[in-house]
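Okay, so here's the structure we're looking at.
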Amino acid sequence: MCTDCDKLKRPKWLQKPVCAVFANHASRPCVRYRRCVTKPMFHLRDATRVDLPAIVGIYNQAIAGRQASADLSEVTVDARREWFARQLSIVVAYTPNAEVVGWTSLAPYHSRAGYRPTAEVSTYIATRYHGRGLGSQLRAAILERAPGVGVDTVISLVFAHNAASIRLNQKFGFDRWGLLPGVVEMDGQRYDVAIFGRKLVHPKPPPESLGTNPG
Ligand SMILES: CC(C)(COP(=O)(O)OP(=O)(O)OC[C@H]1O[C@@H](n2cnc3c(N)ncnc32)[C@H](O)[C@@H]1OP(=O)(O)O)[C@@H](O)C(=O)NCCC(=O)NCCS
1 MCTDCDKLKR
11 PKWLQKPVCA
21 VFANHASRPC
31 VRYRRCVTKP
41 MFHLRDATRV
51 DLPAIVGIYN
61 QAIAGRQASA
71 DLSEVTVDAR
81 REWFARQLSI
91 VVAYTPNAEV
101 VGWTSLAPYH
111 SRAGYRPTAE
121 VSTYIATRYH
131 GRGLGSQLRA
141 AILERAPGVG
151 VDTVISLVFA
161 HNAASIRLNQ
171 KFGFDRWGLL
181 PGVVEMDGQR
191 YDVAIFGRKL
201 VHPKPPPESL
211 GTNPG
């Protein structure tokens, strides 16, 4: 069975779940299924300081692309140490040979105390691993961790021209809460930043009086 993605256990072109080795099936597998069986397995774990150089390396790839970050030149590991310490949670994705190929983090949205329940999510994948479901795996993992670090509102600030990031936000139920028009200047051009947000719903425990006394 495909252990990577639930959807792919039951591809659209078959009515019943299939084995990942589909050589015996004459029909053409759907695109999602082909993508799945050809991609390597990724693992996730919480980041440690040892991961910082890899995290910075992946971030620097995105700076050059001008799609994701308003930093204009590469950052150094030393310059990011304080950033690392400030994060509420960081999760990294790594290959079977332990290469870190993506990361996501939750950072306090604002330094003022009242903003405590609100965090900003960032997600960066090494360029050659884009479009393989890794961003989705990482986003799911960081949202799971949010309640544990006292966060119930997650915000994502993305360039309005960053189609992949906007799709990732929409996929995880983020709504567009606003637009900051032309706030970023890069290479002589102005760019809009979209604000996406999502409220995380925590099931409320039943009141103590309920369920204990049926009478
Ligand atoms: C944005 C980013 C994290 C997405 O990660 P990813 O691993 O490529 O994303 P996934 O493969 O999980 O795809 C997530 C969704 O976006 C869609 N998508 C991926 N790339 C896309 C693109 N270039 N254009 C439009 N949609 C895209 C996928 O189809 C998928 O939607 P679906 O499941 O409905 O088909 C990754 O592209 C990246 O690191 N970009 C540079 C950094 C960045 O922009 N970070 C965001 C700012 S914090």
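Sequence positions in the sequence shown follow this note's numbering and run 1 to 215. Glycine residues also receive a C-beta, built at the ideal position from the N, C-alpha and C atoms.
Could you compute how far the alpha carbon of residue i sits from the alpha carbon of residue j?
i	j	result
Trp103	Thr127	12 Å
Met41	Asp51	19 Å
Leu72	Val183	14 Å
Ala98	Gly131	20 Å
Arg198	Pro96	32 Å
His25	Gln67	Bear in mind that a pLDDT of 40 at His25, under 50, signals an unreliable position, so the number given afterwards is only what the model happens to contain. Going by the C-alpha atoms only, they are around 40 Å apart.
Val158	Ala113	24 Å
Leu134	Ser69	19 Å
Leu180	Arg167	19 Å
Arg86	Gln189	31 Å
Would the beta-carbon of residue i fall within 8 Å of that of residue j?
i	j	result
Ala194	Leu138	no
Ser101	Ile63	A small fix is needed here, since residue 101 is Val in this sequence, not Ser. No. Outside cutoff.
Asn169	Phe196	yes
Thr171	Ser122	The amino acid occupying residue 171 in the given sequence is Lys; Thr does not appear at that position. Cβ distance not < 8 Å, so Lys171 and Ser122 don't count as in contact.
Val77	Tyr59	no
Asp192	Ala160	yes
Return the chain-ordered list of same chain residues with a C-beta closer than 8 Å to the C-beta of residue i, the five sequence neighbours on each side being excluded.
i	result
Leu200	Leu143, Ala146, Pro147, Val151, Asp152, Thr153 and Val154
Val91	Leu44, Arg45, Asp46, Ala47, Trp103, Thr104, Ser105, Leu138, Ala141, Ile142 and Arg145
Ala23	In this predicted model, Ala23 has a pLDDT of only 38, less than 50, meaning its place in the structure is not dependable enough to derive any value.
Between which residues of its own chain and residue i is the CB-CB distance below 6 Å, once the five residues before and five after are set aside?
i	result
Tyr109	Tyr115, Thr118, Ala119, Glu120 and Ile155
Arg80	Val56
Phe84	Leu52
Asp175	none
Ala164	none
Ala54	Val100
Where do the N-terminal and C-terminal ends of the beta strand (DSSP E) with residue i fall, by residue?
i	result
Arg176	Asp175 to Met186
Glu120	Thr118 to Ile125
Phe159	Thr153 to Phe159
Gln87	Per DSSP, Gln87 belongs to no beta strand (DSSP E) and is neither H nor E.
Leu44	His43 to Asp46
Just to confirm the assignment, what range does the alpha helix (DSSP H) spanning residue i have?
i	result
Gln137	Leu134 to Arg145
Leu106	Note, Leu106: premise wrong, no alpha helix (DSSP H); beta strand (DSSP E) at Val100 to Pro108.
Arg190	Looking at the DSSP string, Arg190 is not in any alpha helix (DSSP H); the run it does join, the beta strand (DSSP E), is Gln189 to Lys199.
Ala163	Ala163 to Lys171
Keeping to the same chain, check which residues put their C-beta closer than 7 Å to that of residue i; ignore five residues upstream and five downstream.
i	result
Leu88	Leu106, Ala107, Pro108, Ala119, Val149 and Val151
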